[in-house]
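Heads up: the protein sequence lines correspond to chains A and B, in order.
Our numbering numbers the first residue of the first sequence as 6 and each following residue consecutively.
Our numbering numbers the first residue of the second sequence as 128 and each following residue consecutively.
Heads up, the beta-carbon is just placed ideally off N, CA and C, and yes, glycines get one too.
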Amino acid sequence: MKNSLYKGTLKNIILKLLKEEGEMYGYQMSKKAKELTRGDLELTEGALYPILHKLEREGVIVAELRKVNGRERKYYLLSEQGRKQQAKHEQEMKIYLNSLTLIFNYDK
Amino acid sequence: MISEENNKKIINYLLSKKIPIDVLVEVHDHICSQIMDNYREKNDFDVVFDEVKKTWEKDLKLNKDIWLGTEQSGMVRRIYISTISPVFIRGLLFGLLVYLCVNVMSLFFRENFIQYFILGVYFCWLIYMGIKYFSDYKEYARYKKKYDEYKLSVYDDIWIDSLPISFSFISIILQIGIKKGAWFFLNHPIESIGDVIYRVFVILLFILFIAFLYTGGVTFNKSVETIDKIKNYFPHLRSNRFYK
């Protein structure tokens, strides 16, 4: 499927992944998204990191640096504000997806 | 595990793509994880590294930035926009608030007093930045000088650029604005369309001036905060040969 169709929802996808996993690093997110969508969603690095930096700047997520395998790894977690925002966005996404299903199941 | 020699190849590749060091930290980890995942199947670092580089090719391709005159990749440009623009927008709102306050002040004080007040605030800001740079942030200043060919963080250099920009704005404002009372709306009635255009121009300059001061201050503090997070990468950087 075209990645552009996911474009407006990447932020919600990242927040949902963080809600379920608790904490994640960049590569883990792109791998998980690919795995959950059976290879359909390629969360490209060029799209992923600008969104992560924006969310961090806005205080929606917080980052923690940890040493893993001798190198620094940046883990992301939802902040309190992020948790509230995620719950709200998830609700909105469900309504949106439901509406899309109704429209695309329409068969005269 | 990736050997020290191969790790160096990855870091040198990323440095050649002019990625700020704070972004490089996580991109480095991302690439190492990708390599380790694929290495199990192919067992040849160079082959796997070439394949991984291909997946990053589009995002890390260097293009000349017409505004900054430097080379930058698409991914880094997007990170800049997503981190700096909210700070600048907040600066604009702050500028608007300051403008409104100064206008209210103009009802109670003479315009000359306000002119000196604004100049005073500006020079206090310059002195504050100078003191912070040379005292509290000595360590940052030292690293900045030592690794001057690199951008240590996304916020780096933006505060340096904000100084001359804000200075040129305040020069224009003080020369053309205050003397004619052009940007005081409350106690200087508007007489013609030209008057409106002129005032809007001066007010925009004033708000931009405050926005640049604000952005400079915030990005300066952010640059300093980042140092601790990237220290481990300094041994991989080439230091300034004149630095002792």
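Item                                                                                                     : Value
Nearest-angstrom Cβ-Cβ length linking Leu23(A) and Leu83(A), presumed shorter than 8 Å                   : 5 Å
Minimum C-alpha distance to Trp183(B) - residue among Lys79(A), Gln86(A), Leu48(A), Asp112(A)            : Leu48(A)
Inter-residue CB distance, Tyr267(B) and Ile354(B) (contact presumed, cutoff 8 Å)                        : 5 Å
Arg76(A) vs Pro213(B) beta-carbon contact at 8 Å                                                         : no
Chain-ordered residues of the region 158 to 188 of chain B with a beta carbon less than 9 Å from chain A : Ile158, Cys159, Ser160, Gln161, Met163, Asp164, Thr182, Trp183, Lys185, Asp186, Leu187
Beta-carbon separation (whole angstroms), Gly64(A) vs Gln86(A), contact threshold 8 Å                    : 6 Å
Per DSSP, cross-strand counterpart(s) of Lys79(A)                                                        : Leu70(A)
Lys191(B) - containing beta strand (DSSP E), residue span                                                : 189 to 191
Rounded C-alpha distance that separates Lys144(B) from Asp322(B)                                         : 49 Å
Entirely enclosed beta strand (DSSP E) segments - the region 137 to 223 of chain B, minimum 3 residues   : 189 to 191, 198 to 200
Contact set between Thr14(A) and chain B, taken where Cβ atoms lie within less than 8 Å                  : Per Cβ cutoff of 8 Å: no residues; Thr14(A) is ~17 Å from chain B at best.
Strand pairing of Met4(A), partner residues [DSSP]                                                       : No answer is possible for residue 4(A): it lies beyond the span of chain A, which begins at 6 and ends at 113.
Supposed close pair Leu279(B), Ile357(B) - CB separation, criterion 8 Å                                  : 6 Å
Chain-ordered neighbours of Glu63(A) on chain B, where CB pairs are closer than 9 Å                      : Pro213
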